[in-house]
Amino acid sequence: MVIPSVLPERPSIGTPFRTGWPVRLADTDREHRLRLDAVARYLQDIGFEHLDAVEDGDSHRGWVVRRTVIDVLKPVAWGERVTLHRWCSALSNRWCNMRVQIVGSGGGLIETEAFLIHFGIDSGVPTRMSDRFMAPMLAGTTEHRLRWQSALTEPMPDMAAAEVEVLPFPLRVADIDVLDHVNNAVYLAALEELLARHSDLLTAPYRVIIEYAKPLESGDEVRVVGRRAGDTLDAWFAAGGEARAVAQVTPL
Numbered sequence: 447m448v449i450p451s452v453l454p455e456r457p458s459i460g461t462p463f464r465t466g467w468p469v470r471l472a473d474t475d476r477e478h479r480l481r482l483d484a485v486a487r488y489l490q491d492i493g494f495e496h497l498d499a500v501e502d503g504d505s506h507r508g509w510v511v512r513r514t515v516i517d518v519l520k521p522v523a524w525g526e527r528v529t530l531h532r533w534c535s536a537l538s539n540r541w542c543n544m545r546v547q548i549v550g551s552g553g554g555l556i557e558t559e560a561f562l563i564h565f566g567i568d569s570g571v572p573t574r575m576s577d578r579f580m581a582p583m584l585a586g587t588t589e590h591r592l593r594w595q596s597a598l599t600e601p602m603p604d605m606a607a608a609e610v611e612v613l614p615f616p617l618r619v620a621d622i623d624v625l626d627h628v629n630n631a632v633y634l635a636a637l638e639e640l641l642a643r644h645s646d647l648l649t650a651p652y653r654v655i656i657e658y659a660k661p662l663e664s665g666d667e668v669r670v671v672g673r674r675a676g677d678t679l680d681a682w683f684a685a686g687g688e689a690r691a692v693a694q695v696t697p698l
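The numbering of the sequence shown is the working numbering, which starts it at 447 and goes up by one.
Here's what the structure looks like:
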């Protein structure tokens, strides 16, 4: 699957959910840049705020992220206040693509899209969304038969290969979420560790794609496996000899 070079625009029908807050110090790096793991937390936070504002939101509390696309068009910085808009860009009855636009008061702009799977809290399996919950998403979209297709299919390279970087990433108790998995934002914190060695990739507009295949869990010995080719940085998040997630950073 090829992700479109420009993510879907806001729908002409309906009003996207809107919220906002100041960019806080703990979410930024030494250059005052809003980090990627903070962006992922922003997406979680607006998602749960959005559930509180829609019909049947209280019965749709279980979601798993399968893929996130983050287009950093202009970095958001500490000191800005961000406004976030969230809307559905495509769906089926058990999963959807949700767009979030992050606009900074100082000119920062980040566009995102996430493939989210709705899970039953009790059953732990993908579960159909209710008609009332889907109604506003159906009204504002034209794609109602959304299917999953991976965008990142390159297999993880041999960790002993000369062109490969391998970084240990010890897990902490604080990295584990309510599902007893490593929270998806933590993978992007690990990617930040790798990007610290390739900071030139962050000096112009860039895209991050991350796809989650199998959860990392407490006790896993995690390695971030990186390989760079030109302006493209690929990263695999490995444990037990297998890739649990994969990411790619490319210029826009």
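All C-beta atoms in this analysis are idealised placements derived from N, C-alpha and C, irrespective of residue type, glycine included.
Sheet register partners of residue i (DSSP bridge)
i, result
"PRO562", "Going by the sequence as given, residue 562 is Leu instead of Pro. Beta-bridge pairing links LEU562 to VAL511 and CYS542."
"LYS520", "LEU555"
"ARG703", "Missing from the structure shown is residue 703; the chain here goes from 447 to 698 and no further."
"LEU480", "THR474"
"LEU530", "THR465 and ILE548"
"ARG674", "LEU679"
"ALA659", "ALA659 pairs with nothing; no bridge assigned."
"ALA693", "ILE656 and ALA681"
"PRO572", "PHE565"
"ALA536", "ASN543"
"VAL610", "ARG673"
"GLU688", "ALA685"
Whole-angstrom distance between residue j and residue i, CA atom to CA atom
i, j, result
"HIS644", "ALA581", "44 angstroms"
"LEU641", "GLU589", "35 angstroms"
"VAL469", "GLY525", "6 angstroms"
"LYS660", "TRP594", "15 angstroms"
"ALA472", "PHE463", "25 angstroms"
"ARG481", "GLU455", "24 angstroms"
"ILE567", "THR573", "9 angstroms"
"GLU477", "VAL511", "29 angstroms"
"TYR488", "ALA631", "9 angstroms"
"VAL515", "GLY665", "28 angstroms"
"HIS531", "ALA607", "43 angstroms"
"VAL485", "LEU613", "22 angstroms"
"LEU584", "ASP498", "19 angstroms"
"LEU562", "ALA536", "11 angstroms"
"SER451", "GLU559", "12 angstroms"
"ALA636", "GLY493", "23 angstroms"
"ASP504", "LEU453", "29 angstroms"
"PHE615", "VAL654", "19 angstroms"
"ILE459", "GLU688", "44 angstroms"
"TRP467", "GLY552", "13 angstroms"
Residue closest to residue i, alpha-carbon to alpha-carbon, out of the options
i, options, result
"TYR658", "ALA693, LEU489 and ASP626", "ALA693"
"GLU600", "GLY466, LEU679 and LEU662", "LEU679"
"CYS534", "PHE579, ARG540, GLY586 and VAL522", "GLY586"
"GLU557", "GLY566, PHE565 and VAL546", "VAL546"
"ASN629", "LEU617, GLU639 and GLU638", "LEU617"
"LYS394", "TRP682, LEU648, PHE615 and VAL610", "Outside the displayed range of the chain (447 to 698) lies residue 394, so it cannot be described from this structure."
"ASP677", "ASP646, GLU688, ILE655 and ILE656", "ASP646"
"SER569", "MET544, GLY503 and LEU625", "LEU625"
"ASP491", "THR465, LEU598, GLU639 and GLY686", "THR465"
"VAL448", "SER596, GLY687 and GLU688", "SER596"
"LEU598", "ILE459, GLY460 and ARG513", "ARG513"
Spatial neighbours of residue i in its chain, beta-carbon cut-off 8 angstroms, leaving aside the 5 residues before and after
i, result
"ALA684", "MET602, MET605, VAL668, ARG669, VAL670, VAL671 and ARG690"
"HIS627", "PRO661, LEU662 and GLU663"
"ARG591", "SER538"
"VAL619", "SER664"
"THR474", "LEU480, ARG481, ALA484, ALA523 and TRP524"
"GLU638", "ASP475, ARG481, LEU482 and ASP483"
Neighbourhood of residue i by C-beta distance below 7 angstroms, restricted to the same chain and skipping five residues each side
i, result
"VAL522", "VAL469, LEU480, VAL528, ILE548, GLY550, GLY554 and ILE556"
"HIS564", "HIS506, GLY508, TRP509, ARG540, TRP541, PRO572, THR573 and MET575"
"ARG674", "HIS644"
"ALA650", "PRO697"
"TYR652", "VAL518, VAL695, THR696, PRO697 and LEU698"
"GLU495", "THR465"
"GLU609", "ARG673"
"ASP623", "ASN629"
Contacts around residue i, its chain only, beta-carbon distance under 6 angstroms, and the 5 residues preceding and following it disregarded
i, result
"GLU501", "ARG578"
"LEU634", "LEU482, ASP483 and ALA486"
"ASN543", "SER535, ALA536, GLU559 and PHE561"
"VAL611", "Reading off the sequence, residue 611 comes out as Glu, not Val. Excluding residues within five positions, the ones whose Cβ falls inside 6 angstroms are GLY672."
Requested in this report: Entirely within the stretch 613-656 and at least 4 residues each: give me those alpha helix (DSSP H) ranges in chain order.
Outcome: 630-641, all fully within the stretch 613-656.
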